[in-house]
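Colleague: Shown below is the structure under consideration.
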């Protein structure tokens, strides 16, 4: 994530980047099997006088750094992460936006799955702490998210606890735990929700948990202790976007999937 460039693999994720942020694109590579599906993308690259090439699959593997390249790779500028401004937080709260905070979620595949769920439920703000245990987006994250990263804006803060305290005048901060949750506390609060999910092995750090306004637990059969963090994220996001708040009709774009723009 600290690199100046990263790669996005797979036709769905590549098309999503062309459609939502084509200014970040630098180079396009694909193999013979994917070439027929990439014709319109190649025409756009040619028009913009940018590098695109059909290569062998083994070269595509070297470019992408993965065997899971899906036959097509686009090299893009890596996003520059920053902390949100207080004015932005106030604007998000005024608009009733749900926020998602991840406390040291360390698996890039889990991160991608969480981002895909966030995009599906219309949650567009994700906050990560600048911690050695935190996973930041990689090629694998983009592939698993299947275009979700083009709809979710990622922010990075030094520590979660001071950020949670900065949120609380405007947000109800709800932490997720495997046991001991008290959903009635969350239900009484009518502020917009900032949902906090913890590390895959350790859950929420004690200081992060203590800073939350309420802790909730997903009820289950008790046959196993908990869900994977990405599955838990999907359940919680549904709860706090679809049930607690009135669902709004989706805003479908009229622009087709084969229309990259600048």
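Numbering (the working numbering), first residue to last: 670 to 931.
Yeah, the Cβ is synthetic: ideal placement off N, Cα and C, and Gly gets one too.
(1) If you draw a straight line from the alpha carbon of residue 755 to that of residue 877, how long is it in whole angstroms?
(2) Given 8 angstroms as the limit, is there contact between the region 754-771 and the region 734-743, that is, 3 or more CB pairs closer than that?
(3) In the DSSP assignment, find the beta strand (DSSP E) that holds residue 825 and state where it starts and stops.
(4) Cβ-heavy atom distance between residue 746 and the ligand ZN below 8 angstroms?
(5) Please state the DSSP three-state secondary structure of residue 779.
(6) Tell me whether residue 843 sits in a helix, a strand or coil according to DSSP, three-state version.
(7) So residue 698 is in the beta strand (DSSP E); what residue range does that whole segment cover?
(8) Could you give the C-beta distance for residue 861 and residue 762, rounded to a whole number, given that I count them as a contact under 8 angstroms?
(9) Three-state secondary structure (DSSP) at residue 923?
(10) Please state whether DSSP places residue 681 in a helix, a strand or coil.
(11) Would you list the one or two residues that DSSP bridges to residue 723?
(12) What residue range is occupied by the uninterrupted beta strand (DSSP E) comprising residue 744?
(13) On the criterion of 16 or more Cβ atoms from any shown chain inside 10 Å, does residue 677 qualify as buried, or is it exposed?
(14) Between which two residues does the alpha helix (DSSP H) containing residue 664 stretch?
(15) May I have a chain-ordered list of the alpha helix (DSSP H) segments no shorter than 4 residues that lie completely inside the region 848-889?
(16) Could you please give the first and the last residue of the uninterrupted alpha helix (DSSP H) stretch that includes residue 758?
(17) Could you pull out every residue in the same chain whose Cβ sits closer than 6 angstroms to the Cβ of residue 917, ignoring the five residues on either side in sequence?
(18) Are there 16 or more other CB atoms within 10 angstroms of the CB of residue 731, so buried, or fewer, so exposed?
(19) Residue 898 and residue 783: beta carbons closer than 9 angstroms?
(20) Can you list, in chain order, the residues of its chain whose CB lies under 8 angstroms from that of residue 808, leaving out five sequence neighbours each side?
(21) Keeping to the same chain, check which residues put their C-beta closer than 6 angstroms to that of residue 786; ignore five residues upstream and five downstream.
Modeller: Taking the definition as stated:
(1) 20 angstroms
(2) Because the criterion of three Cβ pairs below 8 angstroms is not met, the region 754-771 and the region 734-743 do not touch.
(3) Here the beta strand (DSSP E) through residue 825 covers 822-826.
(4) Although the ligand ZN was asked about, the structure shown includes no ligands whatsoever.
(5) helix
(6) strand
(7) 694-699
(8) 5 angstroms
(9) No answer about residue 923 holds up, because its pLDDT of 42 lies below 50 and its placement is not dependable.
(10) helix
(11) 699
(12) From DSSP, the beta strand (DSSP E) with residue 744 extends over 741-746.
(13) Residue 677 should be labelled buried.
(14) In the structure as shown, the chain begins at 670 and stops at 931. Residue 664 is therefore absent and cannot be evaluated.
(15) 852-856 and 875-880
(16) 755-763
(17) Because residue 917 sits at a pLDDT of 47, beneath the cut-off of 50, its placement in the model cannot be relied upon, and the following sentence gives the value as read from the coordinates. Excluding positions up to five away in sequence, the list is empty.
(18) Burial state of residue 731 is exposed, judged by a 10 Å Cβ sphere holding fewer than 16 other Cβ atoms.
(19) yes
(20) 675, 676, 677, 678, 733, 734 and 735
(21) 902, 903 and 906
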